[in-house]
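K.L.:
Numbering-wise, the working numbering puts 338 at position 11 of the sequence shown, and it's gapless, one number per residue. Backbone N, C-alpha and C define an ideal beta-carbon position, used for all residues, glycine too. Because the structure is a prediction, the values reported are computed rather than measured. Pasting in a structure now, in structure tokens, and then I'll have a few things to ask.
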Amino acid sequence: MTLSEYIEQHSSPESDVLQQITRSTHLEVINPRMSSGHVQGRVLSMISQMIQPQRILELGTFTGYSALCLAEGLTEDGQLLTIEHNDEMEDSIRRNLALSPIGDKVQLLIGDAKEELRRLGERQNAKDAELFDLAFIDADKKEYCDYLDLVLPLMRPGGWILADNTLWDGHIIDPAYDKDKQTIALRAFNDKVMQDERLDKVILPLRDGLTIIRKKPLITT
328 MTLSEYIEQH SSPESDVLQQ ITRSTHLEVI NPRMSSGHVQ GRVLSMISQM
378 IQPQRILELG TFTGYSALCL AEGLTEDGQL LTIEHNDEME DSIRRNLALS
428 PIGDKVQLLI GDAKEELRRL GERQNAKDAE LFDLAFIDAD KKEYCDYLDL
478 VLPLMRPGGW ILADNTLWDG HIIDPAYDKD KQTIALRAFN DKVMQDERLD
528 KVILPLRDGL TIIRKKPLIT T
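What follows is the structure, given as structure tokens:
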């Protein structure tokens with residue numbers, strides 16, 4: 328038995344719906360490893376349940392697995408907005424969301440994440456829209472720094488951001504990947520997060536690396 332297998336056996340199981348999504352993802356989609364999977368999915372769910380967010384933002388839907396895990400912690404009237412760039416995934420995402428009793432809490436946007444984030448920012452400024460309590464960044468790794476700049480103004484003070492793949496299979500500290508664009512971008516993101524005094528942060532060595540970021544609350548005097 329491997330350590331990963333032991334961890335899975337001693338973690339809460341996936342729901343039947345999530346197991347079904349996992350099976351279909353492995354059968355139908357290239358790079359099924361991009362799905363959060365059992366253990367990380369339970370971590371996302373548990374973090375969301377601890378926060379009990381009313382509004383969640385997700386960048387990178389893939390097949391909808393992580394969105395449904397995060398949605399498990401939403402308040403009764405809560406909503407999750409997820410943005411996916413690949414329009415070829417739309418049918419499978421909507422099919423998977425429809426399998427779940429909480430799938431109607433998930434709103435899917437197909438489009439470029441940075442463009443959609445800018446639109447959200449414009450609407451927020453125009454209408455004083457409600458801020459997000461929790462965000463999950465799991466889209467184009469080369470754009471992580473820009474995502475952070477665009478997501479932070481959309482987060483409430485004290486809100487939480489989760490960033491996936493921040494250790495990048497260990498490439499983050501491997502000199503052999505010094506010219507790899509994704510590795511370079513993730514190193515820049517990690518440095519950017521570390522240097523930002525508005526943020527509390529910690530990297531967990533979960534799967535490919537999961538960074539937990541907290542936007543510090545406003546200090547009132």
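Tell me LEU407's beta-bridge partners as DSSP assigns them.
P.N.:
Its beta-bridge partners are ILE383, VAL433.
K.L.:
Is the separation between the beta-carbon of ASP518 and that of LYS543 shorter than 8 Å?
P.N.:
No. Outside cutoff.
K.L.:
Let me check understanding here. Comparing Cα to Cα, which of GLY536, ILE546, LEU545 lies closest to LEU371?
P.N.:
Nearest of GLY536, ILE546, LEU545 to LEU371, Cα basis: GLY536.
K.L.:
Roughly how many whole angstroms lie between the Cα atoms of MET416 and LEU494?
P.N.:
One C-alpha to the other measures close to 26 Å.
K.L.:
At which residues does the beta strand (DSSP E) containing ASP491 begin and terminate?
P.N.:
482-491 is the span of the beta strand (DSSP E), which, as asked, contains ASP491.
K.L.:
I'd like the list of long-range same chain contacts for GLU464, defined as Cβ closer than 6 Å, with 5 residues on each side in sequence excluded.
P.N.:
Per the sequence presented here, residue 464 reads as Ile, with Glu not at that position. Within the same chain, ILE464 has close Cβ partners LEU386, TYR474, ALA490.
K.L.:
Please state whether the Cβ-Cβ distance between THR352 and GLU341 is less than 8 Å.
P.N.:
Against a cut-off of 8 Å, the Cβ pair of GLU341 and THR352 comes out as no contact.
K.L.:
Which two residues bound the contiguous beta strand (DSSP E) that contains VAL529?
P.N.:
Looking at the DSSP string, the run of the beta strand (DSSP E) that includes VAL529 is 526-531.
K.L.:
From which residue to which residue does the beta strand (DSSP E) around ALA462 run?
P.N.:
Run containing ALA462: 459-464, per the beta strand (DSSP E) assignment.
K.L.:
Please state whether DSSP places ARG534 in a helix, a strand or coil.
P.N.:
Three-state result, ARG534: coil.
K.L.:
Indicate the three-state DSSP secondary structure (helix, strand or coil) for ILE500 in the structure shown.
P.N.:
If DSSP states are grouped into helix, strand and coil, ILE500 belongs with the helices.
K.L.:
Do you know how far the Cα of THR329 is from the Cα of THR538?
P.N.:
Each residue's Cα considered, the two are about 24 Å apart.
K.L.:
So, with DSSP's three-state summary, where would you put ILE420?
P.N.:
Helix at ILE420.
K.L.:
Leaving out five residues before and five after GLN451 in sequence, what residues of the same chain have Cβ atoms less than 8 Å from its Cβ?
P.N.:
Same-chain partners within the cutoff: LEU458, PRO480, LEU481.
K.L.:
Which of the three DSSP states is assigned to LYS542 in this structure?
P.N.:
Note: LYS542 maps to strand in three-state DSSP.
K.L.:
Which residues in the same chain as THR402 place their Cβ atom closer than 8 Å to its Cβ, once the five residues preceding and following it in sequence are excluded?
P.N.:
Cβ neighbours of THR402 beyond the five flanking positions: GLN379, PRO380, GLN381.
K.L.:
I'd like to check one pair, GLU355 with SER427: are the Cβ atoms closer than 8 Å?
P.N.:
No, the Cβ-Cβ distance between SER427 and GLU355 is not below 8 Å.
K.L.:
Which of the three DSSP states, helix, strand or coil, is assigned to PHE389?
P.N.:
Coil.
K.L.:
Got a sec? Which residues, its chain only, sit under 6 Å from ALA466 by beta carbon, not counting five neighbours each side?
P.N.:
These residues qualify, in order along the chain: LEU386, GLY387, ALA440.
K.L.:
For LYS506 and HIS498, what's the separation of their Cα atoms in angstroms?
P.N.:
Going from the Cα of LYS506 to the Cα of HIS498 covers about 11 Å.
K.L.:
Excluding the 5 residues flanking SER339 on each side, which residues of the same chain have their C-beta closer than 8 Å to its C-beta?
P.N.:
These residues qualify, in order along the chain: ARG369.
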